[in-house]
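**Q** Going down the list, the sequences are from chains A and B.
Residues in the first sequence are numbered from 1 upward in steps of one, following the UniProt record's numbering.
Residues in the second sequence are numbered from 1 upward in steps of one, following the UniProt record's numbering.
Dropping the structure in here first, questions after.
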Amino acid sequence: MHKNEHSTEYQHTLRRLILESATTSGEGHIPSAFSILDILWVLYDQVLNIDPKNPNDDKRDRLIVSKGHASLGIYAVLAEKGFFKTSELLNFAKFNNSLGGHPDRNKVPGIEASTGSLGHGFPMAVGIAMALKIKKNKAKVFVIIGDGESNEGTVWESALLASHHELSNLCCIIDYNHSNDKALKLGNLRKKFESFGWETRTINGHNHKEIYTSLSTLSATRPTAIIAETIKGKGSKTMENNHAWHHKTPNKEELESLLKELA
Amino acid sequence: MRKQFVKTVEAVLKNDPKVVLLLGDIGVWGFNNASKLYPDRVHNIGILEQSTISLSAGLAMNGLIPIVHTIAPFLVERSYEQLKLDFGYQGLGGNFVSVGSSYDYAALGCSHHCPADVPILKQIPGMEIVLPGTPEEFNDLFLESYGNGHPTYFRLSEQKNSESQKVKFGKATVVQKGTKATVIAVGILLDRVLEASKNLDVTVLYYTTLAPFDSAILKKNCPSNKILVCEPYYKGTLATEVIDALAPRPIKIEFAGLPHKFFTNYGTASEHDKFLKMTTGDIKNKIKKLING
């Protein structure tokens, strides 16, 4: 298994793969994927107990990317970790390919839930955590939600449910890149989750050491919320906090320039 | 039917450790005993229907069989996208059992009416829809299908037929044979249809499963090409199924069902039946008109 001493190198590779896939297909939410790429990498590199060769093993830890539009991020990490071939990424969003703009659990190895409509993945993760408790399965459940997604009522319904049922096997990571501030201010998310009864921490969502420490020491008695302060488009100066790139894909010239930025 | 629902679910909880019951803060008293016996599998989950459906999908992803129970408009209409995506699209199995459909809760007004449950659920590919006519039929249909790996909607009614039929999931039943017209009776309307068809030369088909629709039995039992569909929800819902089943035959199709509007009166379900022309007499008039037309 790769360890974090090579993280920077892998982050470069992953971002390159995402940019090339999006350019080839003319599809994809690149900045949203970049926002959670460090978190995804640390999860699959160091935290999750999951075998790419046996992705449906009952004892595996589960990760649900509830903000499904960041699919290019999870695809790139799954491919790099051997769930499927990296070359598949270049077929992203093509008519007959399995890798769509939002992930489909019935098509892609390693994808736990088909997400896309915001506010579905979190309550599904609550259900998975409940199921594991009923079945006395020790596996853990992680879910990544966006700050925009946190406008949805189901996010707060899920926060209530997980706390009430003391789902200590559940960790919710909030990708707090503040892209939603322009619409609806969420305020102090940490205090909000605390008031719902969660163990809550705030981290730099791009610092691998902080990500690892927070994700590997979950509360033993209640669900854990990680408020990950992130930058939308992280790693590309052109895209960082630039809303114009939210659902824009580069042309060939722009790709060359963006790849140089990464280097 | 609600009492039978409790009995049936108590039995499956006992016999099948995969079953999990989620109550939307209704029917809780009835399941007190089950809740004590199976505290990890019986939950009064609260009044948050959308998350309840998604949560139950999470249970289904891990091999459990969820049963979600609450009032029809909140179970179906409020949670429609969750039913569509989390169960339909993801191909998961679960059971959604409603009370208070159409105007069973007439006096509570439009917020608690639900005549659109069947029409909209039909639009979710793979969704199974079951309308039992008696408590015993619910028991038989539920036991046959609850663990079949598909999302299945069961509509419990406050009304019931006087006698149970021998029902099978996915199959309709020939209750009466005749030549001048074929009358389709859905769920609790069978008593009214049989009374209305008395001494008339018509075939009566009884449907408790609407999706998947039993096309074969209709094809075999429609000698006249005249069909009256009697449905206890917005009328016209089964039109496509009937036309497809009998294609390319030219047919005349009429409906005795609920008009596409809000029912702004209160009172009782039987008062609504009269006002909306859903009585035995109304159905009889429609059959006669169809035969003689």
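Ideal placement from N, C-alpha and C gives every residue a C-beta, glycine not left out.
Computed from a predicted structure; not experimentally measured.
Figure out for me which residue from A/T8, A/L189, A/N151 and A/S158 has the closest Cα to the Cα of A/D45.
**A** Measuring from the Cα of A/D45, the nearest candidate turns out to be A/T8.
**Q** Which whole-angstrom value is the C-beta distance of B/K171 and B/G133, which I expect to be below 8 Å?
**A** In fact, because the Cβ distance is near 14 Å, the residues do not count as touching under 8 Å.
**Q** Rounded to whole angstroms, what is the Cα-Cα separation between B/Q165 and B/E137?
**A** For B/Q165 and B/E137, the distance between alpha carbons rounds to 7 Å.
**Q** Is any beta-carbon of chain A found at less than 9 Å from that of B/Y89?
**A** It does; some Cβ of chain A falls within 9 Å.
**Q** Fully enclosed by the region 197 to 235 of chain A, which beta strand (DSSP E) runs are 3 residues long or longer?
**A** Complete beta strand (DSSP E) runs here, min 3: 199 to 204 and 224 to 229.
**Q** Which chain A residues are close to B/S56, counting only those with a beta carbon under 7 Å from its beta carbon?
**A** Near B/S56 (Cβ distances below 7 Å), the residues of chain A are G127.
**Q** For a contact defined as C-beta to C-beta under 8 Å, what are the partners of A/M124 on chain B?
**A** The answer, in chain order, is S54, L55, A57, G58, M61 and D86.
**Q** Looking at the structure shown, is B/V9 part of a helix, part of a strand, or coil, going by DSSP?
**A** Helix, per DSSP.
**Q** Within 9 Å of any Cβ in chain D, is that where the Cβ of A/M130 sits?
**A** Absent from the structure is chain D; the protein chains it does hold are A and B.
**Q** Using a C-beta cutoff of 9 Å, does B/Q50 count as contacting chain A?
**A** With 9 Å as the cut-off, B/Q50 counts as an interface residue toward chain A.
**Q** Return no unless some Cβ of chain A is closer than 9 Å to the Cβ of B/E77.
**A** No, B/E77 lies away from the interface with chain A (no Cβ there is under 9 Å from its Cβ).
**Q** Does B/H69 come out as helix, strand or coil in the three-state DSSP assignment?
**A** If DSSP states are grouped into helix, strand and coil, B/H69 belongs with the strands.
**Q** Specify, as a first and last residue, the run of the beta strand (DSSP E) that B/L23 falls within.
**A** It spans V19 to L23 - the beta strand (DSSP E) in which B/L23 sits, taken as one unbroken run.
**Q** Does the beta carbon of B/V28 sit closer than 9 Å to a beta carbon anywhere in chain A?
**A** So no, B/V28 is outside the interface.
**Q** Mind checking who B/H43 pairs with in its DSSP beta bridge?
**A** Per DSSP, B/L22.
**Q** If you follow the alpha helix (DSSP H) that B/V242 is in, where does it begin and where does it stop?
**A** A239 to L246 is the span of the alpha helix (DSSP H), which, as asked, contains B/V242.
**Q** Taking B/N265 as the reference, give the member of B/V12, B/V68, B/A57 and B/Y105 with the closest Cα.
**A** For B/N265, the nearest C-alpha among the options comes from B/Y105.
**Q** Please return the same chain residues whose Cβ sits closer than 8 Å to the Cβ of B/A267, not counting the five positions on each side in sequence.
**A** Before going further, note that residue 267 of chain B is Gly rather than Ala in the sequence given. Within the same chain, B/G267 has close Cβ partners A106 and A107.
**Q** Any contact between the region 201 to 212 of chain A and the region 230 to 246 of chain A? By contact I mean 3 or more CB pairs, one from each, below 8 Å.
**A** The region 201 to 212 of chain A vs the region 230 to 246 of chain A: in contact.
**Q** What does A/S158 reach in chain B if we use C-beta pairs closer than 7 Å?
**A** Result: S51.
**Q** Would B/I53 and B/N95 qualify as a contact pair, given that the criterion is a beta-carbon distance under 9 Å?
**A** Cβ atoms of B/I53 and B/N95: not closer than 9 Å.
**Q** Straight-line CA distance for B/S98 to B/N285?
**A** Cα to Cα, the separation comes out at about 31 Å.
**Q** Report the residue ranges of all beta strand (DSSP E) runs contained in full by the region 26 to 70 of chain A; include only those spanning at least 3 residues, in chain order.
**A** For the region 26 to 70 of chain A, whole beta strand (DSSP E) runs of length 3 or above, ordered along the chain, are 62 to 65.
**Q** Okay, do the region 7 to 25 of chain A and the region 214 to 230 of chain A touch, 3+ Cβ pairs below 8 Å being the bar?
**A** Short answer: they don't touch.
**Q** Near B/V12, which residues of its chain fall below 6 Å by C-beta distance, leaving aside the five closest residues on each side in sequence?
**A** Result list for B/V12: V19, in chain order.
**Q** Hey, is the region 148 to 159 of chain B in contact with the region 24 to 39 of chain B, meaning 3+ C-beta pairs nearer than 8 Å?
**A** No contact exists between the region 148 to 159 of chain B and the region 24 to 39 of chain B.
**Q** Quick one: Cα of A/S66 to Cα of A/R190, how far?
**A** Approximately 19 Å, taken between the alpha carbons.
**Q** In chain order, what residues of the same chain lie with their CB nearer than 6 Å to the CB of B/Q50, ignoring the 5 residues before and after it?
**A** The residues are S79 and Q82.
**Q** Round the Cβ separation of A/S163 and A/R201 to the nearest angstrom and send it over; I've been treating them as touching at under 8 Å.
**A** With a Cβ gap of about 16 Å, A/S163 and A/R201 do not count as contacting.
**Q** Mind checking which residues open and close the alpha helix (DSSP H) that includes A/L258?
**A** It spans K252 to L262 - the alpha helix (DSSP H) in which A/L258 sits, taken as one unbroken run.
**Q** Within 10 Å of its beta-carbon, does A/M1 have 16 or more other beta-carbons around it, so buried, or fewer, so exposed?
**A** With a pLDDT of 41 at A/M1, under the threshold of 50, the modelled position of that residue is not reliable, and the figure given next carries that caveat. Exposed, since its Cβ has fewer than 16 Cβ neighbours within 10 Å.
**Q** Taking 9 Å as the cut-off, decide whether the C-beta atoms of A/A70 and A/H120 are in contact.
**A** Not closer than 9 Å, so no.
**Q** Let me check understanding here. Comparing Cα to Cα, which of B/R249, B/A269, B/L276 and B/S145 lies closest to B/H260?
**A** That would be B/L276, whose Cα lies nearest to the Cα of B/H260.
**Q** Any chance you could list the beta strand (DSSP E) runs of at least 3 consecutive residues sitting entirely within the region 75 to 101 of chain B, in chain order?
**A** The region 75 to 101 of chain B contains these whole beta strand (DSSP E) runs: 94 to 99.
**Q** The alpha helix (DSSP H) with B/G58 in it runs from where to where?
**A** Counting along the chain, the alpha helix (DSSP H) containing B/G58 begins and ends at E49 to M61.
**Q** Here's a check: name, in chain order, each residue in its chain whose Cβ is nearer than 6 Å to the Cβ of B/P115, leaving out the five neighbours to either side.
**A** Closer than 6 Å at Cβ, skipping near neighbours: S102, Y233, Y234 and L258.
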